[in-house]
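The structure appears below as structure tokens.
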Amino acid sequence: MAGGRANGLRWTLLVGLPLAAVLLAVPTLVSDAFWLGLGITVLLWAALATAWNISAGLAGGLSLGHAAYVGVGAYTATLLFLRLGISPWLGLLVGAALAGALGAAIGAITFRLRGPFFVLATLAFGIVVHIAAVNWRGLTRGAAGLLLPFRGGPQNMLFANIEPYWYIGLGLLALTLGVTVAIRWSRLGYFLVALREDEDAARSLGVRVVRSKVAASAISAALTACGGAFYATYIQYIDPSSTTQFEISVQIALVAIVGGLGTTLGPTLGAVVVVPLAEVLRAWLGGGPALMLYGLTLIVIVLAAPHGLLGVMQRLAARLRSRARRLEAPQEGGRRA
Amino acid sequence: MQLTLQILVNGLLLGGLYALLAVGLTLIFGVLRVVNFAHAEFMMLGMFGVFWVWRTTGLDPYLATLAVTPAILLLGILCDRLIIQRTIGAPEVTVVFATLGLSILLQNAVLTLWTADIRSVTTAYSGMVLTPFGLRVSVPMLISFVVAMLGAAGLWLFLTRTLYGKAIQAVAQNREAAALMGIDVRRIYLWTFSVAVAAAGTMGGLIAPLFTIYPRVGMSYIVTVFVIVVLGGLGSVPGAVLAALLVGLIEAAAGFLFGAAWAELSYFLIFLAVLIARPQGFFGRRGAEVFAGR
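For the record, the sequence lines run as chains S and W.
Note that the working numbering has the first sequence beginning at 105, numbered continuously upward.
Note that the working numbering has the second sequence beginning at 7, numbered continuously upward.
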């Protein structure tokens, strides 16, 4: 494992540093607000999908209720700012804590459920939160939504131009990726992999089932809520249909699955591919046909490549490598003869 | 007293609408071990199909239902061949998200064909009401209730009294053992899936004169029907019917007492409680809830 880590470090230095430099320079390179806005949307979905992947990919619980945590983050940050004047930065932390507690509770009551039953339980949970967001009008103003009063400034996480949101989004994605890597290298990460592969065997070897699943669910929920709070300050208007709706849960899952479920960088790759593609298709074909293609893509990906685009790329790379090796081998034999 | 009876009747009729959907979904769930997220989309297709036939030819909606059902059966066969069969033995993510993708695909195909406008089928009997003992009973509601109950009873008799039905039950119990006994498992899957979704299409046709028709109409049913299937127990036909009637009653009673939002909230909370306390449902076999995929 130490070799893997050293290898990972070398990769980080070789690819990561130049990439980080380019990413930091994007707002100065891209002056067009449309493209930068698209970039920020990619970052947001990448962060949400990466957060979902901690619960779904690492812990093996395919949640269809993550929009609930987006909603908790978005509404907590907005309401604290709106009602009490508390900075959304602090609101983001409070929202993450609330969602984390909620995620832990959901993790604790669903940990025994397997397969479709887990999916349905998270789905029902997400719908309960959505119904609450729509109908608890005294708090959320229901379908009318909430507008963040614009009192700009870094202390309020509200800016008149969108460049700062690029950096916040980048920070959010870095945070979710960092947490994912930290989990993978920790005891919890190995526990989760063992549980995902064979729960009964893992349990018999002393893996703490409940604690591991609850931790993964809570961390995933807290990070998702951070994404929700970021969304609220970026768009500066929230309503149930853009935060807690079932479709949001599906979309988060779709991005992660297209990229590569259970891999560190898969969900990010998924966002980089899916978000701009969806934008282009919508402009080109209109909403209905674009979503049709969305559904078709989901079907084809899960049937033909359940490990996502990253899995396809890895398989191609492995094949190329083995072919290169095969090409080398006969030449050596030839020289010897 | 009168009011209580009226709520009871409304609840049972509403539950009847759910029953045939739930029976189909529970069979797919129990036999194929596939969570069919697209199930209510076939009902939506039935509604749109009947609307389209009625609009273009003026045919009575009930006769149109007879024409639309075989079309949906064919579509079910196609979906099974192209998608469902390929998910068997695949990782869980494939099983869950393939039907979710199918649901998005069908919804938006209809959206593209007929736009998001709200449609309705109006007939002379749409608003017809019977008044036995001073109760108000909608005639089209009663018709769809009766058909749903007959359909469910017929399916149950088929499953328990015929050899083919018993073969389906055998596959539900143990796929490998059934295959070893010479049962063609793929054929069983094909017919279970396509007949179940055709039943959903029939239900859609029957309720077309009752409710507004729009591409996302399935969304408001599918989760409720999942609640029913889990309450009734995986793969249990009588369980699904009883749970459907129960959910209909809960919805009608809670809707009257606390408003529609609370009605929905109430059975989701019951659902979560049941999932946690008794995941095999009220009528299911213990252990049936364990995922049999890879």
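Just so you know, even glycine gets a beta-carbon here, dropped at the ideal spot from N, CA and C.
- What Glu270/W touches in chain S, judged by beta-carbon distance under 7 Å, is Ile235, going in chain order.
- For the 8 Å CB-CB criterion, Met7/W and Gly207/W do not form a contact.
- Residues of the stretch 389 to 408 of chain S that bring their beta carbon within less than 7 Å of a beta carbon in chain W comprise Gly392, Pro393, Leu395, Met396, Tyr398, Gly399, Leu400, Leu402, Ile403, Val406, Leu407, in sequence order.
- DSSP places Gln113/W in the uninterrupted alpha helix (DSSP H) bounded by 98 to 120.
- Against Leu413/S, chain W offers no close residue; the least beta-carbon distance is about 14 Å (beta-carbon pairs closer than 8 Å).
- Between Val311/S and Phe295/S, the gap from beta carbon to beta carbon is short of 8 Å.
- Residue Gly157/W holds the alpha-carbon nearest to the alpha-carbon of Leu23/W among Leu106/W, Gly157/W, Ala122/W.
- Secondary structure at Ile228/W: helix, using DSSP grouped into helix, strand and coil.
- Remark: fewer than three beta-carbon pairs, one from each stretch, lie closer than 8 Å, so the stretch 195 to 211 of chain S and the stretch 240 to 248 of chain S are not flagged as touching.
- Check the Cα spacing between Ala278/S and each of Val119/S, Ala151/S, Ala409/S: the tightest is with Ala151/S.
- For the stretch 215 to 247 of chain S, the beta-carbon criterion of a distance under 8 Å to any beta-carbon of chain W is satisfied by Arg216, Leu217, Arg218, Gly219, Pro220, Phe221, Val223, Leu224, Ala225, Leu227, Ala228, Phe229, Ile231, Val232, Ile235, Ala236, Val238, Asn239.
- DSSP assignment within the stretch 256 to 314 of chain S yields the following whole alpha helix (DSSP H) runs of 4 residues or more, N-terminal first: 267 to 288, 291 to 301, 303 to 308.
- The C-beta separation of Leu281/W from Leu227/S comes to about 11 Å, leaving the pair out of contact by the 8 Å criterion.
- Note that the C-beta distance between Gly332/S and Val176/S is below 8 Å.
- DSSP places Ile342/S in the strand class (E or B) of the three-state scheme.
- In the DSSP assignment, Val143/W is bridged to Leu136/W.
- With respect to Gly195/S, Thr180/S sits close: the two C-beta atoms are nearer than 8 Å.
- Against chain S, the CB of Phe264/W has no partner CB under 8 Å away; the residue lies outside that interface.
- When the Cα atoms are used, Ser316/S and Ala329/S turn out to be separated by approximately 20 Å.
- Residues of chain W whose Cβ lies closer than 8 Å to the Cβ of Ile361/S are, in chain order, Val99, Phe103.
- With a 10 Å radius around the Cβ and a threshold of 16 neighbouring Cβ atoms, Ala322/S comes out buried.
- Within chain W, the residues whose beta carbon sits less than 7 Å from that of Ile213/S are Ile282, listed in sequence order.
- Neighbours of Ala115/W across chain S, judged by C-beta separation under 7 Å: Met396.
- Residue burial annotation: Asp86/W is buried, with at least 16 other C-beta atoms found within 10 angstroms of its C-beta.
- Put simply, the CB of Gly107/W is near chain S, with a gap under 8 Å to one of its CB atoms.
- Among the bridge pairs identified by DSSP, Ile219/W is matched with Arg125/W.
- Rounded to whole angstroms, Arg300/S and Gly164/S show a C-alpha spacing of 5 Å.
- Taking every protein chain shown into account, the CB of Leu106/W has 16 or more other CB atoms within 10 angstroms, so this residue is buried.
- Leu31/W places its beta carbon 8 Å or farther from that of Leu255/W.
- Nearest Cα to Ile94/W within the set Gly210/W, Ala283/W, Leu38/W, Leu69/W: Leu38/W.
- Proximity of Phe54/W to chain S, defined by a Cβ-Cβ separation below 8 Å, is not satisfied.
- In the structure shown, the three-state DSSP call for Leu251/S is strand.
- Here the stretch 69 to 76 of chain W lies against the stretch 210 to 222 of chain W, with 3 or more beta-carbon pairs under 8 Å apart.
- Leaving aside the five residues that flank Ala336/S on each side, the residues in its chain whose CB is nearer than 6 Å to its CB run, in chain order, Ala178, Ala181, Thr182, Ile342.
- With contacts defined by Cβ atoms closer than 8 Å, Gly238/W and Ala28/W form a contacting pair.
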